[in-house]
Each structure stands twice: as C-alpha cells, then as structure tokens.
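Novice: Residue numbers are given in the numbering used here: position 84 of the sequence shown equals residue 100, and the series is strictly consecutive. Structure below; questions to follow.
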Amino acid sequence: MAVTKQQIADYLGISRTAVSLTLNRSPKCTVSKECQQKIINAAKELGYPLQNTEVLPPKICVAAFNMDNKAAMSTNNNELRLIDDYISSQGYNIVFLNVSKSEHSMNRFYDYINSGDADALVMLSVTDPSVCSRIADGSIPYVIFSEIDNQPGNTCFPDTYEITRQMMQRLIKMGHRRIAFFTLMLEYPQQKHILNGYKSALSEAGIDYDPALIQVSSLHDGGELAARMEYLGIKYTAAICANSVLQFGALNWMQQHGIQVPAQKSLLGYGMTDLVTLAKPELSTFYMDSKEYIESGMKCLMESIKTGKRNFPCYRVQKGGLYEGGTLAPPM
C-alpha cells in the first residue's frame with residue numbers, strides 16, 4: 017500500500033499541510049528548513065516516492081529603497097554588490113525589490129513580504145521609521161542598513177555625526193576656518209546627523225557657526241550650491257559635501273568657472289563611489305569599510321535565520337578612513 021502524506025504527518029506528529037508544502041516543493045513554503053529535512057527523512061524511511069529530496073536553500077529578499085535618488089543609487093549599487101556576494105557565498109537564493117515612495121510600490125513590497133516566499137529580509141536605505149516598525153512587528157528575520165531617526169534594533173548604520181566630526185577636525189587641523197557644508201534636504205535623518213556633527217566640531221574648535229555656510233540642494237546638484245556661494249559672495253576656503261554626487265558637481269562647476277581646486281577651494285566628501293576615481297583630480301573623501309559594515313549585519317541575519325531569534329542590537333560604524341584624492345589642501 018502506498019504511503020500517504022497524512023501517514024507521514026501522523027508519524028512525525030505535525031500537520032498534513034506542512035508535509036504537503038514540503039513534498040510539493042511549494043515556493044511559498046513557510047516550513048523551517050530543519051522541519052523540511054525531517055519530513056523528507058521520514059518520507060524516505062516510510063517508503064514515500066520522492067522525486068527530489070533536496071531542501072530548497074533559504075531565499076533572502078533584498079529591498080532597496082529610494083533608488084530613484086541619484087545619491088542613494090550611487091551608494092546602494094556598491095552595497096548591493098557586497099550583499100549579493102555575501103548571500104551567494106552562503107549558498108542562499110536572492111530576490112531584489114526596488115521600492116519607491118509610491119503607495120503602489122509600498123503595497124507591492126508588503127504583499128511580497130507577507131506572501132511567505134522569502135525566508136529573510138534585507139532593507140537598504142529605508143528612511144521611514146514606520147516601515148521599520150511594521151517589519152519589526154511581523155515574523156520575518158530582517159536587517160536594516162540605514163540611518164534612521166530613533167534608530168531601531170536590527171540596524172547597521174554609519175555614525176555620520178561622529179564621522180563628520182572627524183572630517184571637520186581634519187580640515188580645521190589643516191588651517192581651514194570658513195568651512196561650508198553642501199547637503200541634501202535636511203529632513204533626511206542622515207543629513208541632520210551630519211549637520212549636528214559639523215556644528216559640534218566648530219564648537220569644539222571655538223569657531224562661530226555661520227548659517228550662511230549651510231547650502232541645501234533638493235536636486236543633488238553640487239554645482240548649484242557652489243554657484244550660489246559665489247554669486248552671494250559668501251567667503252569660504254573648504255566645503256564638506258554630504259555625498260560624492262554633490263562633491264563631483266561642485267568640482268565640475270568650479271573647474272568650469274576658473275576656481276582652482278584645491279588651491280583656492282578644498283572639497284571633502286563622504287562615501288566611496290565610482291565618482292571618486294572618475295573625477296579629475298580624484299575626490300578626497302571620508303569613507304567607512306563597506307565590506308566590514310555589510311558583513312557585520314549579514315552575519316547577524318544569518319544567525320537570526322538559524323536560531324529563530326529575530327532581534328539583535330544595532331551595529332554602529334564610528335570610524336572613517338580618508339581617501340586622499342586631490343581636492344584637499346591647506347587654505348591659501
């Protein structure tokens with residue numbers, strides 16, 4: 017007599033649904049890998065005809081947010097490569113989602129996560145705390161690579177406040193006192209943290225804070241900011257740029273308008289992207305070890321998948337390195 021799925025379920029003391037999902041190799045199977053293996057072993061032992069006894073490896077969803085943002089895309093592309101490399105090295109499957117701020121895109125993201133198709137979730141560059149809270153209230157193991165207000169758990173992020181202080185200290189030590197800050201819209205958590213680090217370094221050095229030196233672009237256009245400073249006659253010898261997109265744009269505008277970099281103006285950016293080495297001269301920039309940053313978070317996620325313990329503490333990167341480039345010099 018042929019062995020039935022119900023007999024396998026009774027033998028193991030589990031539901032027939034779990035047995036059916038496993039033996040049918042359902043793509044929406046929510047049965048743990050350990051339990052799947054027990055079901056397959058029992059099926060073999062009882063003589064159930066198996067066509068494929070391989071347990072599918074876990075599938076990890078990587079959701080990249082705000083990829084329509086040029087600056088975020090430049091940073092995300094590097095981090096996505098590192099995440100892809102790490103997941104592949106573990107023998108896991110991967111599915112990518114590009115998530116915008118539109119209601120349709122967000123609903124598509126939540127529908128996929130709730131479908132049970134993915135075993136774990138990686139979120140990159142998410143800035144909305146409510147999204148993180150909703151995922152935290154669910155059941156899927158997850159890790160967040162982003163800087164968010166009121167930083168939640170399961171998060172890996174660069175401490176841009178501390179890194180900006182280090183950037184400012186470098187410029188101040190070189191003799192700069194009039195240091196501009198080229199940034200994006202200040203409602204972004206990361207930009208607020210950078211601004212606070214900028215102010216803190218000025219205060220520590222006994223340098224007055226001048227709001228005129230803070231220039232904001234909603235278009236990720238560093239050339240616009242450099243032009244504004246020039247047309248308004250705002251004096252400065254160096255500028256910190258919140259990302260390499262702004263820095264690259266500022267450098268191009270200055271070169272086109274006869275401003276020598278770094279002889280007349282120094283530019284110090286944040287983040288190691290392809291633009292750093294494409295620029296002539298190459299961009300001087302502070303950066304963190306992205307590989308260490310990504311691997312630290314992914315190791316926590318792997319442990320969460322294996323143990324079922326969803327929560328782990330934040331991992332904060334506080335130390336930046338300097339890529340010397342050619343846009344940094346003492347003031348004239």
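C-beta: ideal position from N, C-alpha, C; glycine also.
#1: Does the beta-carbon of residue 29 have 16 or more other beta-carbons within 10 angstroms, so that it is buried, or is it exposed?
#2: DSSP three-state call for residue 110: helix, strand or coil?
#3: Provide the residue span of the alpha helix (DSSP H) that contains residue 213, from first to last.
#4: Among residues of its own chain, excluding the 5 on either side of residue 210, which ones have a beta-carbon nearer than 6 angstroms to its beta-carbon?
#5: Identify which residue in 250, 158, 293, 345 has its Cα closest to the Cα of residue 318.
#6: What ranges does the beta strand (DSSP E) occupy inside the segment 259-330, keeping only unbroken runs of at least 3 residues that lie completely in it?
#7: Should residue 185 be labelled buried (16 or more other beta-carbon atoms within 10 Å of its own) or exposed?
#8: From which residue to which residue does the alpha helix (DSSP H) around residue 147 run?
#9: In the structure shown, what three-state DSSP assignment does residue 49 receive?
#10: Alpha carbon to alpha carbon, how far is residue 198 from residue 241? Give it in angstroms, no decimals.
#11: Using the Cα positions of residue 336 and residue 217, report the straight-line distance between them to the nearest angstrom.
#12: Measure the C-alpha to C-alpha separation of residue 116 and residue 311 and round it to an integer number of angstroms.
#13: On the DSSP bridge list, what partners appear for residue 97?
#14: In whole angstroms, what is the alpha-carbon distance linking residue 261 and residue 31?
#15: Pick out whichever of 300, 94, 38 has its Cα sitting closest to the Cα of residue 341.
#16: For the pair the segment 284-291 and the segment 325-332, tell me if three or more CB-CB distances fall below 8 angstroms.
#17: Measuring only the C-alpha atoms, how far is residue 149 from residue 191?
#18: Would you decide whether residue 283 is buried or exposed? Buried here means 16 or more other CB atoms lie within 10 Å of its CB.
#19: Excluding sequence positions up to five away, which residues of its chain have a Cβ less than 6 angstroms from the Cβ of residue 291?
#20: Would residue 224 be called buried (16 or more neighbouring beta carbons within 10 Å of its own) or exposed?
#21: In its own chain, which residues sit with a C-beta less than 7 angstroms from the C-beta of residue 58, not counting the 5 before and 5 after it?
#22: Roughly how many angstroms lie between the CA atoms of residue 321 and residue 134, to the nearest whole one?
#23: Which of helix, strand or coil does DSSP assign to residue 332?
Specialist: In short:
#1: exposed
#2: Residue state for residue 110 is assigned as strand, using DSSP reduced to three classes.
#3: 205-220
#4: 176, 180, 258
#5: 158
#6: 282-286, 300-303
#7: exposed
#8: 145-152
#9: Collapsing the DSSP output to three states places residue 49 in a helix.
#10: 7 angstroms
#11: 15 angstroms
#12: Each residue's CA atom was taken as its position, placing residue 116 and residue 311 some 25 angstroms apart.
#13: In the DSSP output, where bridge partners are listed per residue, residue 97 has none listed.
#14: 55 angstroms
#15: 300
#16: no
#17: 45 angstroms
#18: buried
#19: 260, 264
#20: exposed
#21: 24, 27, 28
#22: 11 angstroms
#23: It is a strand residue.
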